[in-house]
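**Student:** Using this note's numbering, the letters of the sequence shown map in sequence onto residues 681 to 873. Cβ coordinates follow ideal geometry from the N, Cα and C atoms, glycine included. One structure is given below, represented as structure tokens, and several questions about it will come after.
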Amino acid sequence: MNTTNQNRDIAIREHLNRFFDAHPDEALQERALRALDLLLAHKQAKDVLVKKPAGWAGGIVYAVGSRGVGVPGILNRELESAFGVRMDEIYRRAAKVKDLLGVDLPSPLEAVAMPVAFTLRDEANALCAYAFRNGFIEDIHADGRISDEEMKRLMIQVSESLAKLLVKKQDTPGEYDRFIRDYHRQYCRRWER
């Protein structure tokens, strides 16, 4: 390994070590270090990892730790503080890490067991994340216009409401159909179709 590669490796590892000293999580740390090793061995990654090691360290943690709604147990502002970079940079670096490693990316899902029964609330959470949380609202959140606490409150409220609708659709489909059509008539007639 040449001096540039060693310096890059050392700098990124130092940022990761400081982060995991403050936020211990063995499984996440193992995935982050595995991702770093894969990146350092990756032909295209060698050239892009040279600048901003703190941003790359944050991006690696986010890429291997996020399940689409942030790193569990860690607020975005804690990530920003730990790495000294804004979330928009961490998001960009995480996207590049995912792009470079593709299917080799150590997945955060490796450490999470799926529930035995997939409930309507689980379905509501997934629909909410897909249709709302991982869209434009994330850009607003990344810019700090919505705090982590507000985002969490918003997502819980949206998922709970969606779960109630799914229960109604399953248990009383006729009532659900009347409700949803009436709701559309009242609030959505001018929305794009």
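Give me, in chain order, the residues of the same chain whose beta-carbon lies closer than 8 Å to that of A702; leave out the 5 immediate sequence neighbours on both sides.
**Tutor:** Within the same chain, A702 has close Cβ partners A762.
**Student:** So, for E741: in the same chain, excluding its five sequence neighbours on each side, which residues have a beta-carbon less than 6 Å away from its beta-carbon?
**Tutor:** Correcting the residue type first, residue 741 is Val in the shown sequence and not Glu. Answer for V741: A712, listed in chain order.
**Student:** Do three or more CB pairs link the segment 797 to 817 to the segment 767 to 787 at distances below 8 Å?
**Tutor:** Touching, no, given that fewer than three Cβ pairs across the two stretches are closer than 8 Å.
**Student:** Can you tell which of Y771, I820, S839, P786 has the C-alpha that lies nearest to the C-alpha of A806?
**Tutor:** Considering only alpha carbons, the answer is S839.
**Student:** Counting pairs of Cβ atoms below 8 Å between the segment 808 to 822 and the segment 849 to 869, do you hit three or more?
**Tutor:** They do not touch, by the three-pair rule.
**Student:** What do you get for K732, buried or exposed, if any count of 16 or more other CB atoms within 10 angstroms of its CB means buried?
**Tutor:** The residue is buried, with at least 16 neighbouring Cβ atoms inside 10 Å.
**Student:** With the cut-off set at 8 Å, would you say E760 and M767 are in Cβ contact?
**Tutor:** Closer than 8 Å, so yes.
**Student:** Along the chain, where does the alpha helix (DSSP H) that runs through C868 open and close?
**Tutor:** From DSSP, C868 is part of no alpha helix (DSSP H); its letter is neither H nor E.
**Student:** Relative to the C-alpha of E803, which residue among L785, K844, D862, G739 is closest?
**Tutor:** E803 has its Cα closest to that of K844, out of L785, K844, D862, G739.
**Student:** Does DSSP classify P853 as helix, strand or coil?
**Tutor:** P853 falls in the helix class under three-state DSSP.
**Student:** Closest to G670 by CA distance: which of G735, P704, L755 is it?
**Tutor:** Because the chain in this structure spans residues 681 to 873, residue 670 falls outside the shown range and cannot be described.
**Student:** Using three-state DSSP, classify P733 as helix, strand or coil.
**Tutor:** Three-state DSSP puts P733 in a helix.
**Student:** How about F700 and A737: do their beta carbons lie closer than 8 Å?
**Tutor:** Going by C-beta atoms, F700 is not nearer than 8 Å to A737.
**Student:** Using C-beta distances below 6 Å, list every residue in its chain close to G739, excluding the 5 sequence neighbours before and after it, in chain order.
**Tutor:** Only I770, R773, A774, V777 meet the Cβ criterion.
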